[in-house]
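Below is one structure; the comments refer to it alone.
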Amino acid sequence: MESINLLNVIKLLEWDYKLHYRIDDFPGEADRQFKDIVKDFIDSKTTQSVTPIRVESFEDYEASVVQCNLLNGRSEADFNVTEPDRLLEPVSSETEPSSHELYIPRLPNPKLPVDQLVNLEYKKRAVTYWRNAVKKKRLTLAAVQRGFGKVTSIRQLYDWEKLDKLKALRLDVGKQFFLAKRKKQVVKDLDLRRWALTANETVNLAGFTASPDWIGKLKQYYGIVDRKITKFVTKKSIQEAPHVKESAEACVALVRSRIA
156 MESINLLNVI KLLEWDYKLH YRIDDFPGEA DRQFKDIVKD FIDSKTTQSV
206 TPIRVESFED YEASVVQCNL LNGRSEADFN VTEPDRLLEP VSSETEPSSH
256 ELYIPRLPNP KLPVDQLVNL EYKKRAVTYW RNAVKKKRLT LAAVQRGFGK
306 VTSIRQLYDW EKLDKLKALR LDVGKQFFLA KRKKQVVKDL DLRRWALTAN
356 ETVNLAGFTA SPDWIGKLKQ YYGIVDRKIT KFVTKKSIQE APHVKESAEA
406 CVALVRSRIA
C-alpha cells in the first residue's frame, strides 16, 4: 500500500479552504482544540485503522499474519474457539452477545501428567493418521494408539477433528476479508459471520454458529481493528437542541389536533 505523506495532505487541505479562510497571526484557543481533535483523528487513521494489505496473494497475507502472531508470542491454539464451550439460549441479536450466554472455560486436568498433555500439532497429526487418506476410511482406535499413545478414545479424535474444521473456516473467512480489503470495501462483523456460515455449508462443522466469541478471536488473529467514528458536535447545535425539541413537539401537537 502506498505510504501517505501528511504534509501533502495538509497542503491539499490548504488549497481546499484558502478561499474561505485566512490565516491569523495568533490562532485562538478554539483553533488549538480543534487542531488536537483533527490530529488525534489523523494519527488513529494512519496507525491502526485500515488493517493494511501490502501483499499480492492471500497465501502471503496468511503467512505474514502467522509470523506476526508468533513474534507476539501467540500460537494458533490461542485463537481457537469451539462452539461447545458456549451455551446459547437464545441469541438476542445479530450484533450484540446475548445476556443469557454463559462462558464455560475448558481447564487442563490438574491430575494429568505433564507427559500426557497434548499440543495442537500432535492433535493434527493424530487426526490425519486416523482419517487414513490411503484407504479412504477411518482407522480403529487400537491402530491409532499404536502410533499416537496419547489418544484415549474415538470421541477424542472427533473433538480434535473440529480443530481442522475451525481452521478451514478461519482460512475461508480470512480470504474473503483479504479480497474485500483489496477492493477497499467496508467489512463489518455481520459480513464476517455471513462468510463463516456460508463456508460452513461446505466444511459442515456441527453446531457452528459463528458466535461473537468466534468472531472476536478471528479479528484478533488477523489484527482486524474496529473503525472508530468520531462525531463532531458544534456549540450551536447544542444551544439549538431545546428549541428543536420544542418545535417538534409543537408540530406533532398541531398535526394531532387537525387529525382529530
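To convert, take the position in the sequence shown, counting from 1, and add 155; that gives the working numbering. In this text, a Cβ means the ideal position worked out from N, Cα and C, and glycines have one as well. Values in this document were obtained by computation on a predicted structure and should not be read as measured data.
Neighbourhood of residue i by C-beta distance below 6 Å, restricted to the same chain and skipping five residues each side
i: residue 333; result: 213, 216
i: residue 314; result: none
i: residue 360; result: 320
i: residue 263; result: Interpretation of residue 263 is limited by its pLDDT of 49, a score under 50 that renders its predicted location unreliable; no figure is taken from the coordinates.
i: residue 413; result: none
Counted within 10 angstroms of its Cβ, other Cβ atoms place residue i as buried (16 or more) or exposed
i: residue 306; result: buried
i: residue 317; result: buried
i: residue 350; result: buried
i: residue 397; result: exposed
i: residue 222; result: exposed
i: residue 345; result: exposed
i: residue 183; result: exposed
i: residue 325; result: buried
i: residue 386; result: exposed
i: residue 278; result: buried
i: residue 285; result: buried
i: residue 170; result: exposed
i: residue 399; result: exposed
i: residue 168; result: exposed
Contact under 7 Å by Cβ, residue i with residue j
i: residue 320; j: residue 282; result: no
i: residue 354; j: residue 327; result: yes
i: residue 352; j: residue 365; result: yes
For residue i, the three-state DSSP class (helix, strand or coil)
i: residue 182; result: coil
i: residue 246; result: Note that residue 246 scores 38 on pLDDT, short of 50, meaning its location in the model is unreliable; the coordinates nonetheless yield the value given after this. Reduced to three states, the DSSP call for residue 246 is coil.
i: residue 355; result: helix
i: residue 166; result: helix
i: residue 283; result: helix
i: residue 176; result: coil
i: residue 278; result: helix
i: residue 293; result: coil
i: residue 302; result: helix
i: residue 381; result: coil
i: residue 308; result: coil
i: residue 405; result: helix
i: residue 323; result: helix
i: residue 363; result: coil
i: residue 372; result: helix
i: residue 395; result: helix
i: residue 273; result: coil
i: residue 189; result: helix
i: residue 219; result: helix
i: residue 328; result: helix
i: residue 341; result: coil
i: residue 335; result: helix
i: residue 390; result: helix
i: residue 412; result: helix
i: residue 161; result: helix
Sequence-distant residues of its chain with Cβ nearer than 7 Å to residue i (five each side left out)
i: residue 273; result: 305
i: residue 403; result: none
i: residue 238; result: Legend: pLDDT at residue 238 = 46, less than 50; position of this residue unreliable, value from coordinates given subsequently. Excluding positions up to five away in sequence, the list reads 362, 363, 364, 366.
beta-carbon residue i near the ligand FMN non-hydrogen atom, thresh 6 Å
i: residue 375; result: Ligands displayed in this structure: none; no statement on the ligand FMN is therefore possible.
Contacting residues, own chain, Cβ-Cβ under 8 Å from residue i (five flanking each side not counted)
i: residue 249; result: Residue confidence is low: residue 249 scores 37 on pLDDT, short of 50, so the model does not pin down where it sits. No coordinate-derived value is stated.
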